[in-house]
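Visitor: Counted the way our numbering counts, the sequence shown spans residues 534 to 643. All residues carry an ideal CB built from backbone N, CA and C; glycine is no exception. Values in this document were obtained by computation on a predicted structure and should not be read as measured data.
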Amino acid sequence: MINALEELKAKDVREIDVRGRTSIADLLVIASGTSARHVKSIADEVVKFAKKAGVMPLGVEGEQEAEWVLVDLGDVIVHVMLPRIREFYGLERLWTVGDREHDASAASAG
534 MINALEELKA KDVREIDVRG RTSIADLLVI ASGTSARHVK SIADEVVKFA KKAGVMPLGV
594 EGEQEAEWVL VDLGDVIVHV MLPRIREFYG LERLWTVGDR EHDASAASAG
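#1: Give a yes or no on whether the C-beta atoms belonging to VAL580 and VAL593 are separated by under 8 Å.
#2: Residue range of the alpha helix (DSSP H) that ARG617 falls in?
#3: Indicate the three-state DSSP secondary structure (helix, strand or coil) for ASP605 in the structure shown.
#4: Closer than 6 Å by C-beta to SER549: which residues in its own chain qualify, once you throw out the five before and the five after it? Chain order, please.
#5: Would you kindly work out how many angstroms separate the C-alpha atoms of GLU600 and ASN536, rounded to a whole number?
#6: Once DSSP output is grouped into helix, strand and coil, what is the label at VAL551?
#7: Please specify which runs of the alpha helix (DSSP H), each continuous and at least 4 residues long, are wholly inside the stretch 558 to 599, giving them in chain order.
Encoded structure:
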């Protein structure tokens with residue numbers, strides 16, 4: 534998966550392990566594209582890569598506007614976004630906020 538993203542020059546690829554936090558997936562992959570066309574190309578490549586690996590996507594959303602394309606692979610959900618959309622919605626902050634609080638309290642306790 535990460536290889537497919539890197540081959541198409543996706544920017545700022547980040548994996549977030551969400552096991553135990555939600556039942557929707559085990560892993561979120563978030564990446565940025567440089568334009569709507571780039572975002573769509575990256576998402577299309579993720580779909581092709583998944584199919585070659587024997588994983589049929591459960592759904593793909595946002596392809597028409599291509600500002601934020603979500604590829605649902607079951608245990609893995611891939612979000613490919615334009616940088617301004619990624620910054621606005623802040624998925625990394627949303628899914629890692631507990632980690633930071635835990636890290637800060639562990640550091641102050643130590």
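Guide: Walking through what the data contain:
#1: Indexing the sequence shown from 1 puts residue 580 at position 47. Indexing the sequence shown from 1 puts residue 593 at position 60. For the 8 Å CB-CB criterion, VAL580 and VAL593 form a contact.
#2: For this step, residue 617 is matched to residue 84 along the sequence shown. Per DSSP, ARG617 belongs to the alpha helix (DSSP H) from 616 to 622.
#3: Taking the sequence shown and counting its residues from 1, the one referred to as residue 605 is at position 72. DSSP places ASP605 within a strand segment (E or B) once states are collapsed to three.
#4: As a first step, residue 549 is located in the sequence shown; it is residue number 16 there, counting from the start. Reading off the sequence, residue 549 comes out as Ile, not Ser. In its chain, beyond the 5 residues on either side, LEU561 and TRP628 have a beta carbon closer than 6 Å to the beta carbon of ILE549.
#5: Within the sequence shown, numbered from 1, the residue matching residue 600 stands at position 67. Within the sequence shown, numbered from 1, the residue matching residue 536 stands at position 3. In this structure, the alpha-carbon of GLU600 lies about 21 Å from that of ASN536.
#6: Walking along the sequence shown from the start, residue 551 turns up at place 18. In this structure, VAL551 counts as coil in the three-state DSSP scheme.
#7: The stretch 558 to 599 contains these whole alpha helix (DSSP H) runs: 569 to 585.
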